[in-house]
Every structure is written in structure tokens, then in C-alpha cells.
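Which chain is which? The protein sequence lines are A and B, in order. Residue numbers for the first sequence follow our numbering, so the first one is 1 and each next one is one higher. Residue numbers for the second sequence follow our numbering, so the first one is 1001 and each next one is one higher. Heads up: the structure comes next, in C-alpha cells.
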Amino acid sequence: MPESAIVLNAAAIQRALTRIAHEITERNEGGADVVLVGIQRGGVPLAEKLAALLAGIWGGAVSSGSLDVSMHRDDLDQRAAPNIHPTVIPFDVTGKTVVLVDDVLFSGRTIRAAMDTLNDFGRPKNIQLAVLIDRGHRELPVKADFVGKNVPTSLAEKVRVRVGEAGVEDEVVLERP
Amino acid sequence: MSWQRQHLLDIESLTAEEILTVLDTARAFKAVGERAIKKVPALRGKTVVNLFIEPSTRTRTSFELSEQRLSADIINFTAEASSLKKGETLKDTAKNLEALNIDFIVIRHSAAGAAHFLARVLNAHVINAGDGAHEHPTQALLDAFTIRERKGKIEGLNVTILGDILFSRVARSNIWALTKLGAKVTLCGPATLVPRTFEEMGCRVTHHLDDALRDADIIHLLRIQHERQRKSMFPSINEYTQLFGLNKARLAQTKPDSLVMHPGPINRGVEIDSDIADSDRSLILEQVTNGIAVRMAVLFLVNGGKGPQEIAAS
């Protein structure tokens, strides 16, 4: 039976997202040309929540999309073919400030793939990265601009993020084998 | 994830879930084809050989474009240019290709079972692009994709396949795919080309066109394959058109939302009226567009799963 500990509960997740929203506001004054793109799957509900928070701060709708990075991964021939989820970017990213949103930052490979995927849609003015959890163990020179919580982990541990699922409380859990 | 296969050899051995996995994956690849940059690096550094021992233009170009959009490197072999003309066996040709460290072989061959044979003797991923009168799996998958996209579902639909069933690998693959996905399949054509034995595959067989068309949601036409036929299968092309050709009067008697499909190449004025082929009831060109997405999905899926452990073990 794996041991597990709650890292963030629903209220703490909400507080972390609110803080990230304010940090995004600080970095991008006025919010003109800021769009959010959630990475499938964990980043998508977080991007939607952040977009709603930012819309409250800036007083106008903030666009949010979703990005599937499977086709740009570097480990495609090392594992079973992944399920592909929809990529929906209903706006032009060229010239925009794109805030990529993911649930957990780990090796950094997903973010590398996400930036490559994004380039197929246009040329953003700049790309920033927001993650709910940074668990360390980077394999690439990737750094998040906005972090909900830094959680030191061992490689054997798993971080499970549950946000926006029907019928269950939002939470982040650290599982030890 | 419901796809663990290294090859795509036929539809017969696939489960409904595996077929749906291909269709769902293809939907994502169709979106790639609509982007400004229509290329993804999923097969970067992989080499694909298109081994087309039997002539083919549309399937080969469709595969080529799919491979290019996945960033693969491509070698094309045709019957005329290959050493098979000089007497080399298929196995030797394939072994020679494998010695070049290729990753995928897409094979079209006039002998049924050619793709299965290669999958047994090679380590490369094998994709069947049509083997004799046996199967043409990617065609059936793109047809199923097209039907699902236009009708929203496949289960419960009445699909009539009309024409030269006996010599058609497209028909066989389609029958497998559609019956597995819950469609009711009716076969129709001259008795010599649509024998009753097909009822064993779970279809209805009729030799009366009106009976076959009445309840059809999808009318799937097949070309008369002159190259595979003996002359005695039916008296004349003209008589075939009279009895089984799809014309406006016949289409008018079907359901108002019935749709017409054809794997191509079409023979205008033989199995299909020219006006119908160009009408908004025709899905023929959508089938061509969807062929790219489906073939990209198949290449993408068979590429997965070969983990470092498996490579080390083989």
C-alpha cells in the first residue's frame, strides 16, 4: 500500500493560483496580448482557472487554449503510443505573450515539446511558464516563471494533481511507493 | 491505451477498441493538416520504405505525404524499378532493405498474405497497403473515419457495399471494420461477384439493387476491377451499369440523407453517374483528405511501444 500525503488541499490550490495570477499581472502590466495555453491534460483546467482569475483582475476576458504535445515528444519510440488529446488554440499566438500552464514541472521535456508545438502555430512575442508544482529533477535547462509550490521529491515518488474533476475535491498528493 | 501492435496487417484481427483508437488518433492528425505548419516531428530520423510491387498512385502518394508530414525519411520502390523484376524473391528484397536499417515497410503486393509474411521475417514495422484480394486495412479505417465524421457514429447504420465484392480487398477490410463497429452491412452486385458465402462474415447479401439501397445510410461503391477479372463474370459493362450503376433516379429513392462513397479511381458512367460523383452527397474527396490523417495515425501508433528493453531483447 503506497503511503501518500496531501501537499495542497482545495483551498491551498486556490490561494496558489490567485498568487500566480497576481504575479502574472505584475510581469505583464495591463494584460494586453496575454493568452494562456494549458498543456494536456493536467494544465488545461489550471489554465482555465487562471484565465478566470486574470479576467477578474484585468476586467476583460482572457483567452485560454489547450495544447497536446504528444507528437513533439522525444520518447515516442520508447513507450506505447500516447493517447492524443485535442489541441484547441482559438486565437493567433503570433506577437502574443503566451503563458504555458502545466500541473507538474519535472524533467522539463514536456515544456520543451510544448514550446516546439507552439511554434507550429505562430511566433509568440514571448513565452512564460506557470506550474502548480515544481518537483525538481530537471533534465533540460527549463525554469518556471510562476510556481505554486516547490515540492522536493525523490525519483521514486509520484505527484498526483487533481483539479477540476467532477465529484471530487481538488488536491495535490505526494505518493511514496 | 489500447494499441500495442507493431504492425498493421489486417482489420480482421483488430478489436473494435483498437479500430476506435486509430480513428480518435486520426482526428488529432487531421487537425495537424489544417495548421499553417502541417508537419510534426513524430517520426523524425525514421526511415520508411514504400514497397509497391503492384501499381498504385493514390495509396502511394497518400502514404508518402503522411510520412512526410510525420518528418520521416522515405524510399519508394515500384515493381518496375525493383530487383523483383530480375528474379529476386520478396524475402530477399525485404531482407536487403532491412540491412539498410529501415524502420517501416509499407507494402502493396498482388499476393494475399504478403504483408503478414514480411512481418514474420523482418524486425521492421510492417503496414499493409493492400495484399491481393485479401485486405486493404488503411482504406477501411479511412472509410470508417469518414462515416463517423459525417454521421457522428457507425453503430446501427445501414451500409451497402455495391459492386465487385469478390475481387475487392477494400470490401473485405470494410466488412470487418464496419461489422466490428456495429454497422449493418449489405452487399449487392451480380451473383457471380457477390457470392452468398459472404454471409459468413456477418453481412446480408442481395442481388437486387432496390432492396440494397432502400434503407441505406451509406452507399459504398466499388470499381469493377478489370485487371483481376475473368471476362465471364458478367455479360457486359453496359449491362452492369443498367442493373447496378448508381444513377440519379436510384439515388432519389434512397433516404434523403444517404451518402455515397467510393475508394477511387471512379469509372464515371459505369458504377457511378457523373453528377452524383460531383454532388454534395458524395464523400469521395473527403475520403482522400481523411486518408492522410488516418495513415499518419497508423504510422504514429505502430511506432510506439518498442521500448529499450524490447530492442535489447530482439
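Built from N, CA and C at the ideal position, the CB exists for glycine as well.
Over the uninterrupted alpha helix (DSSP H) stretch that includes A/F91, give me the two end residues. Where A/F91 is concerned, there is no enclosing alpha helix (DSSP H), given that its DSSP letter is neither H nor E.
Within its chain, find whatever has a CB closer than 7 angstroms to the CB of B/R1172; leave out the 5 residues flanking it on each side and keep chain order. Contacts found: H1134, E1135.
Given this structure, state the Cα-to-Cα distance separating B/T1057 from B/A1129, to the nearest angstrom. Distance between the alpha carbons of B/T1057 and B/A1129 is about 12 angstroms.
Any idea which residues DSSP pairs B/E1135 with across the strands? In DSSP, B/E1135 forms a bridge with B/D1131.
With a CB to CB cut of under 6 angstroms and the five nearest residues on each side skipped, what residues in its chain are close to A/A10? Correct list, in chain order: E169, D170.
Judging by CA-CA distance, which residue of A/D77, A/A21, A/A61 is the nearest neighbour of A/G148? The option with the nearest alpha carbon to A/G148 is A/A21.
Every unbroken beta strand (DSSP E) within the region 1233-1314 of chain B, with a cutoff of 3 residues, ordered by chain: Here the runs fully enclosed are 1259-1261.
Please specify which runs of the beta strand (DSSP E), each continuous and at least 3 residues long, are wholly inside the region 1089-1123 of chain B, giving them in chain order. Correct list: 1104-1109.
Using 7 angstroms as the cut-off, classify the Cβ of A/L129 as near or not near the heavy atoms of the ligand SAH, replying yes or no. Summarising the ligand content, the structure contains no ligands, and the ligand SAH is consequently not present.
Starting from the Cα of B/L1187, find the closest Cα among B/T1206, B/L1178, B/T1197, B/K1180 and give me that residue. It is B/T1206.
Counting contacts by CB-CB distance shorter than 8 angstroms, is A/M71 in contact with chain B? Interface residue, yes.
Report the neighbours of B/R1035 on chain A: residues whose CB is nearer than 8 angstroms to its CB, in chain order. Chain A residues near B/R1035: D120, F121.
Find the residues of chain B that neighbour A/T153, judging by a C-beta separation of less than 9 angstroms, and give them in chain order. Listed by position along chain B, the residues whose Cβ is nearer than 9 angstroms to that of A/T153 form an empty set, because the closest Cβ is around 24 angstroms away.
With a cut-off of 8 angstroms, does the C-beta of B/T1025 fall near any C-beta of chain A? Contacts with chain A at 8 angstroms (Cβ-Cβ) include B/T1025.
For B/D1143, does the three-state DSSP call read helix, strand or coil? B/D1143 falls in the helix class under three-state DSSP.
Considering only the beta carbon of each residue, do A/V44 and A/V98 sit closer than 8 angstroms? No. Outside cutoff.
Chain-ordered neighbours of A/L76 on chain B, where CB pairs are closer than 7 angstroms: Result: A1042, N1303, G1304.
Runs of beta strand (DSSP E) wholly within the region 30-67 of chain A (minimum 3 residues, chain order): Complete beta strand (DSSP E) runs here, min 3: 34-39, 64-67.
What residues in its chain sit with their C-beta under 8 angstroms from that of A/I57, if we drop five residues either side in the sequence? Around A/I57: A21, H22, T25, G31.
Can you list, in chain order, the residues of its chain whose CB lies under 7 angstroms from that of A/F121, leaving out five sequence neighbours each side? Sequence-distant partners of A/F121 (beyond 5 residues in either direction) whose C-beta falls short of 7 angstroms from its own C-beta, in its chain, are I89, V93.
Contact between the region 1015-1028 of chain B and the region 105-113 of chain A: three or more CB pairs below 8 angstroms? The region 1015-1028 of chain B vs the region 105-113 of chain A: no contact.
When you compare each of A/E175, A/V161, A/V173 to A/G42 by their alpha carbons, which one comes out closest? Taking the Cα of A/G42 as reference, the smallest distance to any Cα among A/E175, A/V161, A/V173 is reached at A/V161.
Provide the residue(s) that pair with A/E175 in DSSP beta bridges, ordered along the chain. When beta bridges are read from the DSSP output, A/E175 appears opposite A/S4, A/K158.
In whole angstroms, give me the CA-to-CA distance for B/R1027 and B/S1232. Each residue's CA atom was taken as its position, placing B/R1027 and B/S1232 some 43 angstroms apart.
Under 9 angstroms, CB to CB, which of the residues in the region 1128-1146 of chain B have a partner in chain A? Answer in chain order: no residues at all.
Quick one: any contact between the region 1065-1073 of chain B and the region 1039-1054 of chain B, if contact means 3 or more CB pairs under 8 angstroms? Contact between the region 1065-1073 of chain B and the region 1039-1054 of chain B is present, with at least three C-beta pairs closer than 8 angstroms.
Can you give me, in chain order, the residues of the region 1038-1069 of chain B that have a beta carbon less than 7 angstroms from any beta carbon in chain A? If the cut-off is 7 angstroms between Cβ atoms, the region 1038-1069 of chain B has V1040, P1041, A1042 near chain A.
Within 8 angstroms (strictly less), CB to CB, does A/I84 reach chain B? Cβ-Cβ to chain B under 8 angstroms: yes for A/I84.
Sub-8 angstroms separation of A/V159 and A/L140 beta-carbons: No; because the gap between Cβ atoms is not below 8 angstroms, this pair is not in contact.
Alpha-carbon spacing of B/I1053 relative to B/G1113, whole angstroms: Going from the Cα of B/I1053 to the Cα of B/G1113 covers about 13 angstroms.
Taking Cβ positions only, does A/D68 come closer than 8 angstroms to chain B? Taking CB atoms only, A/D68 has a neighbour in chain B less than 8 angstroms away.
Taking three-plus beta-carbon pairs below 8 angstroms as touching, is the region 1284-1296 of chain B in contact with the region 1255-1265 of chain B? Contact between the region 1284-1296 of chain B and the region 1255-1265 of chain B is established, with three or more Cβ pairs separated by less than 8 angstroms.
In three-state terms, what does DSSP make of B/H1220? DSSP places B/H1220 within a strand segment (E or B) once states are collapsed to three.
Can you tell me whether B/A1191 is buried or exposed? The criterion is at least 16 other CB atoms within 10 Å of its CB, across all chains shown. Result: exposed.
Taking 8 angstroms as the threshold (beta carbon to beta carbon), is B/Q1004 in contact with chain A? It does; some Cβ of chain A falls within 8 angstroms.
Using a cut-off of 8 angstroms between C-beta atoms, extract the partners of A/T87 located in chain B. Chain B residues near A/T87: A1028, A1031.
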